[in-house]
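Chains as they are written, first to last, in UniProt numbering: chain A, 1 to 221; chain B, 1 to 232; chain C, 1 to 318. I have placed the structure first, in the form of structure tokens, so that the comments after it can refer back to it.
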Amino acid sequence: MNVLSFVQAFFSDSAHWQGYDGIPSRLLEHVQYSLLALAIAAAIGLPVGLLTGHTGRGGNAIAVVANAARALPSFGLLVLAVLLIGFGLLPVMIPLVVLAVPPVLVTTYEAVRAVDPAPVDAARGMGMRESRVLFRVEVPVALPLILSGLRTAALQIVSTATIAAYVSLGGLGRYIIDGLYQRNYEKVVGGATLVAVLSLITLALFWGVGRLVVSPGVRRR
Amino acid sequence: MNGFFDIPSDLQHSWAGLIGVHLREALLPVAAGLLLALPLALLCNRFRWLYPPVLGVTTVLYAVPSLAFFVVLIDWTGQTELTVMIPLALYSLVVLVPAIADGVRSVPDETLSAATAMGFGTVRRYLQVQLPIAAPAVIAGLRVATASSISLVSVGALIGNQGALGNLMAAAQKYDRPELAANAVLTTAVLAVVCDAALVALRRVLTPWMPRSGRKRTAAPREELLTKGAAR
Amino acid sequence: MTSTARSSRTRTRHHGAAAVALAAAAALLTGCSSGDTSENPLDGDKAEAGTVVVGSNNFAESTLLADIYGEALRAKGLKVTYKHNIGSRETTYGLMKNGSVTVLPEYNGSLLAYLDPKAEQTSADAVDEAVKAKLDQQLTLLESSPAEDKDSVALNAATAKKHGLTAESTLADLKDVAPELVIGGSPEFQTRQQGLKGLEAVYGLKFKAFKALDAGGPLTQAALAQNEVQAADVFTTDPTIVKEKFVVLKDPENLFGFANVTPLVRKDGLPQEGVEALNAVSAKLDTKTLLDLDAQVQLEKKDPLDVAKAWLKSAGLG
Chain A
1 MNVLSFVQAF FSDSAHWQGY DGIPSRLLEH VQYSLLALAI AAAIGLPVGL
51 LTGHTGRGGN AIAVVANAAR ALPSFGLLVL AVLLIGFGLL PVMIPLVVLA
101 VPPVLVTTYE AVRAVDPAPV DAARGMGMRE SRVLFRVEVP VALPLILSGL
151 RTAALQIVST ATIAAYVSLG GLGRYIIDGL YQRNYEKVVG GATLVAVLSL
201 ITLALFWGVG RLVVSPGVRR R
Chain B
1 MNGFFDIPSD LQHSWAGLIG VHLREALLPV AAGLLLALPL ALLCNRFRWL
51 YPPVLGVTTV LYAVPSLAFF VVLIDWTGQT ELTVMIPLAL YSLVVLVPAI
101 ADGVRSVPDE TLSAATAMGF GTVRRYLQVQ LPIAAPAVIA GLRVATASSI
151 SLVSVGALIG NQGALGNLMA AAQKYDRPEL AANAVLTTAV LAVVCDAALV
201 ALRRVLTPWM PRSGRKRTAA PREELLTKGA AR
Chain C
1 MTSTARSSRT RTRHHGAAAV ALAAAAALLT GCSSGDTSEN PLDGDKAEAG
51 TVVVGSNNFA ESTLLADIYG EALRAKGLKV TYKHNIGSRE TTYGLMKNGS
101 VTVLPEYNGS LLAYLDPKAE QTSADAVDEA VKAKLDQQLT LLESSPAEDK
151 DSVALNAATA KKHGLTAEST LADLKDVAPE LVIGGSPEFQ TRQQGLKGLE
201 AVYGLKFKAF KALDAGGPLT QAALAQNEVQ AADVFTTDPT IVKEKFVVLK
251 DPENLFGFAN VTPLVRKDGL PQEGVEALNA VSAKLDTKTL LDLDAQVQLE
301 KKDPLDVAKA WLKSAGLG
């Protein structure tokens with residue numbers, strides 16, 4: 001049997017389509033974990049990135065924090081969090097958020113910093129308040145880059161959320177971990193396919209959002 | 001036996017030993033990825049139509065979770081370090097190929113013409129002119145690949161003690177000893193920081209004409225690279 | 001024009017050196033790899049001739065037993081290497097078959113249930129014979145020890161109290177309650193005969209949900225204690241049963257059968273003195289001893305290898 005026939009077997013088994021261990025509920029769990037982690041990471045990374053990028057202060061601090069966060073291994077953080085906190089969603093959110101904050105934070109900071117100073121000065125000269133300068137001039141220009149940071153974060157979260165299953169949570173990782181211990185390739189390959197497809201859907205979504213919200217004038221060629 | 005450095009005997013390595021294994025399992029794949037990415041990027045620049053499909057394939061590979069990759073490979077490569085290293089090498093391509101290809105492509109045409117006029121062939125020009133000028137971009141790619149590789153090795157613990165410092169994390173869970181997990185997390189983080197610093201130092205050696213404190217250059221391109229790789 | 005050309009040439013030379021250095025570093029790194037991962041990867045990882053490879057599953061007692069076997073063999077002058085924390089039986093059995101592992105601590109009835117889910121388990125000896133008949137030709141069981149460590153279904157104290165279940169209650173008594181309970185166990189428990197399948201087939205138990213935890217390890221213990229799950233697959237030698245006042249339900253239909261600690265070995269992998277050494281270990285290892293050794297590892301956090309060596313010494317086998 002090659003990998004493709006495992007995939008086919010996995011998806012054609014009706015038992016994989018219902019109940020708490022069915023594809024719909026595992027997929028939903030995975031999306032929930034991912035969205036929650038991305039939302040938290042964005043809630044931390046975007047404001048800090050926008051503010052530091054706008055003022056131009058704190059760039060070094062951001063680089064240090066981001067590099068430190070990036071250096072922390074997700075799997076180890078997860079085990080540590082579970083041992084210290086116990087069960088639940090929180091110990092899984094910790095490694096995912098730590099993973100996702102650096103790309104959001106650094107890209108947002110760099111995106112705002114990289115905005116051409118001429119229109120920013122012009123806006124100030126026209127008497128715009130700082131908040132309007134940020135949101136009406138800098139953010140629209142920086143948006144493609146900011147979105148790319150969010151996209152990187154989202155992709156890493158979707159793929160890393162699989163390790164939640166190691167500490168008894170759900171999500172698509174369930175199939176991979178269960179398949180490993182049950183020696184069931186169908187489940188491993190099926191689960192991996194679902195995760196990969198979800199990643200590619202995430203990419204497509206970000207592409208679509210980019211087309212919608214980025215002003216045609218600043219769209220990258 | 002519950003101190004910070006009391007490594008359980010079933011890991012069969014001292015703390016220093018685990019560090020050594022971890023570095024080997026993390027860095028060899030990046031080196032292999034680099035060796036693979038160099039010709040791939042050259043081909044992609046030579047035949048432009050090749051670039052999108054190559055990026056597409058590496059992106060799809062990158063989207064496969066590491067654990068699933070390991071499990072599927074066990075049948076071919078057994079429960080060995082190699083099983084962990086192959087996926088990591090493939091993952092590094094998603095960063096390295098665009099880093100090298102875009103870096104090399106950014107070399108000005110006049111420079112290339114000059115090299116050609118001096119009698120450089122394609123391969124020699126690639127190795128001696130384009131690659132060195134692209135060194136900052138290549139190193140930026142290496143930094144992303146190395147950081148992610150160092151973190152991902154840990155997952156190898158789930159296929160039977162193949163995760164180096166990750167084994168320590170799994171042991172922390174198995175023996176309910178949080179201090180071991182803390183040790184593993186901190187040690188891994190320090191390894192990542194040290195390797196990153198080494199690559200920055202390497203860039204300074206290779207590109208003495210560039211400003212020494214290139215913070216803007218060192219922080220920004222890394223995220224850009226990863227998103228670029230994943231984007232298309 | 002001339003000056004540009006000249007400067008670009010000096011640069012070129014400089015970069016050339018850099019590129020060579022980079023390539024050399026990379027080559028050095030890859031060069032190391034061939035030395036470090038010496039076995040041919042496509043060959044799997046066959047045990048080296050003359051070396052006994054002792055494997056273990058991914059839970060603390062298995063590591064401890066593997067250490068006991070390994071050190072007992074070392075005491076007889078055999079060359080021993082360990083392959084610890086491999087995974088579940090579903091994986092380790094495959095590695096025994098292909099020769100990557102030569103000795104593995106097993107539990108006779110659990111192994112039988114894996115090889116033949118329908119087999120009746122009437123006595124420990126009969127189980128051993130049945131296992132041997134079902135085993136791969138290259139594998140055999142050595143003598144079983146009296147030490148027994150079964151899977152069992154345990155409830156946490158609160159759940160047992162709520163439903164009026166005691167240590168005298170049986171799994172059959174759980175039938176009406178089960179649909180309200182979440183049961184936890186290792187991922188493989190979900191698909192095993194000595195697991196959810198058997199619980200439903202033999203006792204008609206249908207639980208509300210299954211939560212995948214670890215093989216009777218800290219996750220399971222914590223999940224049960226914190227009522228994340230109300231019932232769980234717990235090993236009968238688990239020292240936390242007493243500590244956390246878990247209620248282990250009786251198993252009158254003998255679903256979990258016999259589970260005597262027994263060495264599973266490759267026939268061609270272990271010389272006669274090794275066989276004798278392991279049989280001597282089995283003769284001395286009883287359930288009380290195993291409970292005590294488990295507690296040293298899991299509660300007192302002693303290193304399993306130290307515990308194994310100390311016990312072998314005290315039993316005159318080290």
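For every residue, glycine included, the Cβ atom is placed at its ideal position computed from N, Cα and C.
Our contact map puts glutamine 79 (chain B) next to isoleucine 68 (chain C) with C-beta atoms below 8 Å; I'd like the distance itself, whole angstroms only.
If you number the second sequence from 1, residue 79 (chain B) lands on position 79. If you number the third sequence from 1, residue 68 (chain C) lands on position 68. Actually they are not in contact, since the Cβ atoms of glutamine 79 (chain B) and isoleucine 68 (chain C) sit about 22 Å apart, beyond 8 Å.
Would proline 117 (chain C) pass as an interface residue toward chain A - the criterion being a Cβ-Cβ separation below 7 Å?
As a first step, residue 117 (chain C) is located in the third sequence; it is residue number 117 there, counting from the start. No, proline 117 (chain C) does not count as interfacial toward chain A.
What are the residues of the region 9-36 of chain A that lie near chain C, defined by any Cβ-Cβ distance shorter than 9 Å?
Result list: Gly19, Tyr20 and Asp21.
Does leucine 72 (chain A) get closer than 7 Å to chain B when you measure Cβ to Cβ?
As a first step, residue 72 (chain A) is located in the first sequence; it is residue number 72 there, counting from the start. Yes, leucine 72 (chain A) lies at the interface with chain B (some Cβ there is under 7 Å from its Cβ).
Assuming alanine 172 (chain B) and leucine 169 (chain A) form a contact by the criterion Cβ under 8 Å, report the distance between their Cβ atoms to the nearest whole angstrom.
Along the second sequence, read from residue 1 onward, the residue named residue 172 (chain B) stands at position 172. Along the first sequence, read from residue 1 onward, the residue named residue 169 (chain A) stands at position 169. With 8 Å as the limit, alanine 172 (chain B) and leucine 169 (chain A) do not qualify as a contact, their Cβ atoms being about 18 Å apart.
Quick check on lysine 76 (chain C): does DSSP put it in helix, strand or coil?
Within the third sequence, the letter at position 76 stands for residue 76 (chain C). Here lysine 76 (chain C) sits in coil by DSSP.
Nearest-angstrom Cα separation, counted from alanine 308 (chain C) out to leucine 290 (chain C)
Here residue 290 (chain C) corresponds to residue number 290 of the third sequence, with the count starting at 1. Here residue 308 (chain C) corresponds to residue number 308 of the third sequence, with the count starting at 1. Each residue's alpha carbon lies about 11 Å from the other.
Who are the neighbours of alanine 91 (chain C) on chain A, taking C-beta pairs under 7 Å?
Position 91 of the third sequence holds residue 91 (chain C). Reading off the sequence, residue 91 (chain C) comes out as threonine, not alanine. Neighbours of threonine 91 (chain C) on chain A, chain order: Arg183.
Considering alanine 232 (chain C), what are the terminal residues of the alpha helix (DSSP H) in which it resides?
Walking along the third sequence from the start, residue 232 (chain C) turns up at place 232. Annotation for alanine 232 (chain C): no alpha helix (DSSP H) segment contains it, though the beta strand (DSSP E) segment containing it runs 231-235.
Could you check what DSSP says for alanine 26 (chain C) in three-state terms: helix, strand or coil?
For this step, residue 26 (chain C) is matched to residue 26 along the third sequence. Low per-residue confidence applies at alanine 26 (chain C): pLDDT is 42, beneath 50, and the placement is therefore not dependable enough to give any value.
How about isoleucine 62 (chain A) and threonine 52 (chain A): do their beta carbons lie closer than 7 Å?
As a first step, residue 62 (chain A) is located in the first sequence; it is residue number 62 there, counting from the start. As a first step, residue 52 (chain A) is located in the first sequence; it is residue number 52 there, counting from the start. Going by beta carbons, isoleucine 62 (chain A) and threonine 52 (chain A) fall inside the 7 Å limit.
When you compare only the Cα positions, how much space is there between alanine 170 (chain B) and leucine 112 (chain C)?
For the purposes of this step, residue 170 (chain B) is taken as the residue at position 170 of the second sequence. For the purposes of this step, residue 112 (chain C) is taken as the residue at position 112 of the third sequence. Distance between the alpha carbons of alanine 170 (chain B) and leucine 112 (chain C): 29 Å.
If distances are taken between C-alpha atoms only, which option among A:Val97, A:Val104 and A:Val188 comes closest to arginine 151 (chain A)?
Working through the first sequence from its first residue, we reach residue 151 (chain A) at position 151. Taking each of A:Val97, A:Val104 and A:Val188 in turn and checking the Cα distance to arginine 151 (chain A), the smallest one comes out for A:Val104.
Taking DSSP as the reference, what is the three-state secondary structure of leucine 158 (chain B)?
Taking the second sequence and counting its residues from 1, the one referred to as residue 158 (chain B) is at position 158. Residue state, collapsed to three classes: helix.
I'd like to know if leucine 305 (chain C) contacts chain B, where contact means its C-beta is closer than 7 Å to some C-beta of that chain.
The residue labelled residue 305 (chain C) in the question sits at position 305 within the third sequence. It does; some Cβ of chain B falls within 7 Å.
For chain B, find out if any of its Cβ atoms is closer than 7 Å to the Cβ of lysine 301 (chain C); answer yes or no.
Residue numbering aside, residue 301 (chain C) sits at position 301 when the third sequence is read from its first letter. Taking Cβ atoms only, chain B reaches closer than 7 Å to lysine 301 (chain C), which makes this a yes.
Contact residues within the region 205-217 of chain C, judged by C-beta distance below 9 Å to chain A:
Of all residues in the region 205-217 of chain C, those with a C-beta nearer than 9 Å to a C-beta of chain A are Lys208, Ala209, Phe210, Lys211, Ala212, Leu213, Asp214 and Ala215, reading in chain order.
Looking at threonine 211 (chain C): is its Cβ nearer than 7 Å to the Cβ of valine 229 (chain C)?
The sequence position of residue 211 (chain C) within the third sequence is 211, counting from 1. The sequence position of residue 229 (chain C) within the third sequence is 229, counting from 1. According to the sequence as given, residue 211 (chain C) is lysine; it is not threonine. If you check the CB distance, lysine 211 (chain C) and valine 229 (chain C) come in under 7 Å.
Does chain A have any CB closer than 7 Å to the CB of alanine 189 (chain B)?
For the purposes of this step, residue 189 (chain B) is identified with residue 189 of the second sequence, where counting begins at 1. By this cut-off, alanine 189 (chain B) is an interface position.
Touching or not, the region 170-182 of chain C and the region 200-219 of chain C, by the rule of three or more beta carbon pairs under 8 Å?
Yes: at least three Cβ pairs fall under 8 Å.
Secondary structure at threonine 287 (chain C), three-state DSSP: helix, strand or coil?
For the purposes of this step, residue 287 (chain C) is identified with residue 287 of the third sequence, where counting begins at 1. If DSSP states are grouped into helix, strand and coil, threonine 287 (chain C) belongs with the helices.
Which same chain residues end up closer than 8 Å to threonine 191 (chain C) when comparing Cβ atoms and leaving out the 5 residues on each side of it in sequence?
Counting from 1 along the third sequence, the entry for residue 191 (chain C) is found at position 191. If the five residues before and after threonine 191 (chain C) are omitted, its C-beta is found closer than 8 Å to the C-beta atoms of Lys197, all from its own chain and listed in chain order.
Residue-level contact to chain C via CB, serine 168 (chain A), 7 Å cutoff
As a working note, residue 168 (chain A) is residue 168 in the first sequence. Closer than 7 Å to the CB of serine 168 (chain A) there is at least one CB belonging to chain C.
What's the C-alpha gap between glycine 210 (chain A) and alanine 115 (chain B)?
Locating residue 210 (chain A) in the first sequence gives position 210, counting from the first residue. Locating residue 115 (chain B) in the second sequence gives position 115, counting from the first residue. Their Cα atoms are separated by approximately 40 Å.
Whose Cβ in chain C lies nearer than 8 Å to the Cβ of serine 9 (chain B)?
Here residue 9 (chain B) refers to the residue found at position 9 of the second sequence. The answer, in chain order, is Asp67, Asp303, Pro304, Leu305 and Asp306.
Enclosing alpha helix (DSSP H) for glycine 20 (chain B) [first to last residue]:
Position 20 of the second sequence holds residue 20 (chain B). That run of the alpha helix (DSSP H) goes 15-46.
Who are glutamate 143 (chain C)'s beta bridge partners in DSSP?
For this step, residue 143 (chain C) is matched to residue 143 along the third sequence. In the DSSP output, where bridge partners are listed per residue, glutamate 143 (chain C) has none listed.
Comparing C-alpha positions only, which one of A:Tyr185, A:Arg57 and A:Ser148 sits nearest to alanine 204 (chain A)?
In the first sequence, counting from the first residue as 1, residue 204 (chain A) sits at position 204. Considering only A:Tyr185, A:Arg57 and A:Ser148, the residue with the shortest C-alpha distance to alanine 204 (chain A) is A:Ser148.
Which residues of chain B have a Cβ atom closer than 7 Å to the Cβ of serine 159 (chain A), listed in chain order?
If you number the first sequence from 1, residue 159 (chain A) lands on position 159. For serine 159 (chain A), the chain B residues whose C-beta falls within less than 7 Å of its own C-beta are Ala63 and Pro65, listed in chain order.
Run down chain A in chain order and give the residues with a C-beta less than 8 Å from the C-beta of glycine 166 (chain B).
Locating residue 166 (chain B) in the second sequence gives position 166, counting from the first residue. For glycine 166 (chain B), the chain A residues whose Cβ falls inside 8 Å of its Cβ are Pro73, Phe75 and Gly76, in order along the chain.
Nearest candidate by alpha-carbon position, reference glutamate 77 (chain C), set C:Val275, C:Phe59, C:Glu106 and C:Asn227
The residue labelled residue 77 (chain C) in the question sits at position 77 within the third sequence. For the record, residue 77 (chain C) in the displayed sequence is glycine; it is not glutamate. Checked all of C:Val275, C:Phe59, C:Glu106 and C:Asn227; the closest Cα to glycine 77 (chain C) is C:Val275.
Out of A:Ile44, A:Leu90 and A:Leu143, point me to the one whose CA is closest to proline 102 (chain A)'s CA.
The residue labelled residue 102 (chain A) in the question sits at position 102 within the first sequence. Out of A:Ile44, A:Leu90 and A:Leu143, A:Ile44 has the C-alpha closest to the C-alpha of proline 102 (chain A).
Which residue comes first and which comes last in the beta strand (DSSP E) that contains arginine 266 (chain C)?
Residue mapping note: residue 266 (chain C) aligns to position 266 of the third sequence, counting from 1. 261-266 is the span of the beta strand (DSSP E), which, as asked, contains arginine 266 (chain C).
Run through chain B and tell me which residues come within less than 9 Å of isoleucine 86 (chain C), C-beta to C-beta.
Locating residue 86 (chain C) in the third sequence gives position 86, counting from the first residue. Near isoleucine 86 (chain C) (Cβ distances below 9 Å), the residues of chain B are Gln79, Ile159, Gly160 and Asn161.
Strictly by DSSP, which residues pair up with aspartate 6 (chain B)?
The count along the second sequence starts at 1 and reaches residue 6 (chain B) at position 6. According to DSSP, which records beta bridges pairwise, aspartate 6 (chain B) is partnered with nothing at all.
Enumerate, from N- to C-terminal direction, the unbroken alpha helix (DSSP H) stretches of 4 or more residues contained entirely within the region 59-94 of chain A.
For the alpha helix (DSSP H) assignment, the uninterrupted runs of no fewer than 4 residues enclosed by the region 59-94 of chain A are, from N- to C-terminal side, 59-71 and 74-85.
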